[in-house]
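I have placed the structure first, in the form of structure tokens, so that the comments after it can refer back to it.
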Amino acid sequence: MAVKIRLARRGRKKLAIFDLVVADARAPRDGRFIEKIGTYNPNSNPATIVLNDAQALKWVMNGAQPTDTAKAILSYRGILYKKHLQVGVIKGAITQEQADAKFEAWKTEKETKIQTKSTNIQDSKDKSKATRLAAEAKVSAARAEVIAAKNKVEDEALVASVVEAINESDDDAAEEVEETVVAEVAAEEAPAAEEAPATEEAAPEAEAPAAE
Numbered sequence: 343m344a345v346k347i348r349l350a351r352r353g354r355k356k357l358a359i360f361d362l363v364v365a366d367a368r369a370p371r372d373g374r375f376i377e378k379i380g381t382y383n384p385n386s387n388p389a390t391i392v393l394n395d396a397q398a399l400k401w402v403m404n405g406a407q408p409t410d411t412a413k414a415i416l417s418y419r420g421i422l423y424k425k426h427l428q429v430g431v432i433k434g435a436i437t438q439e440q441a442d443a444k445f446e447a448w449k450t451e452k453e454t455k456i457q458t459k460s461t462n463i464q465d466s467k468d469k470s471k472a473t474r475l476a477a478e479a480k481v482s483a484a485r486a487e488v489i490a491a492k493n494k495v496e497d498e499a500l501v502a503s504v505v506e507a508i509n510e511s512d513d514d515a516a517e518e519v520e521e522t523v524v525a526e527v528a529a530e531e532a533p534a535a536e537e538a539p540a541t542e543e544a545a546p547e548a549e550a551p552a553a554e
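First residue of the sequence shown: 343, per the numbering used here; consecutive thereafter.
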């Protein structure tokens, strides 16, 4: 029976994740499998890989053939390199301790590279976010200036209309006061003019008996 290490798809549309499974080569892609040895999530950056290293190494050492994608995942996690070291141990080229030391050194270097990549990606995201926020702040400031200028023009127009209304009101009040004063003066002068002839007519009547 030919055994394959391959991916089995699951998850939502456009957000698929994959199980890394050991299955009969004749089985459907998402059908029955012998054992699940890990998961692969390509939606994150970098991609998230969870793998049972011991079981993956056991199946590789027993002759299971990985597909191209599965082979890339196993190589990324160092399973194929570890297989190479174990073959050297079996042939007597190196000892088990040397093989373990080499694998640990490779694993440390690989984790450093992954961490550096993750840090660079996060820094790039932060920089992009800061640039976007700065651009948005600039647009908001320009919009605020336009609104302030518009409000200033409206306020000046309102003040001018109020001042004009006050001036018109003062002019009307002055005219009313002037008309009132003129009317009062005219009313005071009118009776004096009417009383003057009555005094002059009374004088001859008083002088008449003295002539007799």
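Virtual Cβ for every residue (Gly too), placed ideally from N, Cα, C.
Status (buried if at least 16 other CB within 10 Å, exposed otherwise) for residue i
i, result
"V402", "buried"
"L475", "exposed"
"K346", "buried"
"K459", "exposed"
"R348", "buried"
"A608", "This structure leaves residue 608 out entirely; the chain is present only between 343 and 554."
"A447", "exposed"
Neighbourhood of residue i by C-beta distance below 8 Å, restricted to the same chain and skipping five residues each side
i, result
"D372", "A350, R351, R352"
"T437", "V431"
"R374", "A365, D366"
"A483", "none"
Residue nearest to residue i in terms of C-alpha spacing, selected from the options
i, options, result
"D442", "A435, L427, G434, I432", "L427"
"G555", "P388, N387, A369, L399", "For the chain, the structure presents residues 343 to 554; residue 555 sits outside this window and is missing."
"A367", "E521, P408, G434, A435", "P408"
"I359", "I391, A365, V505, A435", "I391"
"A396", "T411, T473, E377, S386", "E377"
"K355", "N385, E439, V363", "N385"
"L393", "A486, A447, D361", "D361"
"Q457", "V363, P370, P388, Y382", "P388"
"I415", "K480, K444, V501, V363", "V363"
"K424", "K444, K433, K413", "K444"
Sequence-distant residues of its chain with Cβ nearer than 6 Å to residue i (five each side left out)
i, result
"A499", "none"
Sequence-distant residues of the same chain with beta carbon closer than 7 Å to residue i, five excluded per side
i, result
"L357", "N385"
- Message: Taking 8 Å as the cut-off, does the stretch 446 to 454 touch the stretch 413 to 424 (at least 3 CB pairs, one atom from each stretch)?
- Response: yes
- Query: Can you give, in chain order, each stretch of the beta strand (DSSP E) that sits fully within the stretch 389 to 445 and has at least 3 residues?
  - Reply: 390 to 393
- Message: Please give me, in chain order, every unbroken run of the alpha helix (DSSP H) with length at least 4 that falls completely inside the stretch 443 to 514.
- Response: none
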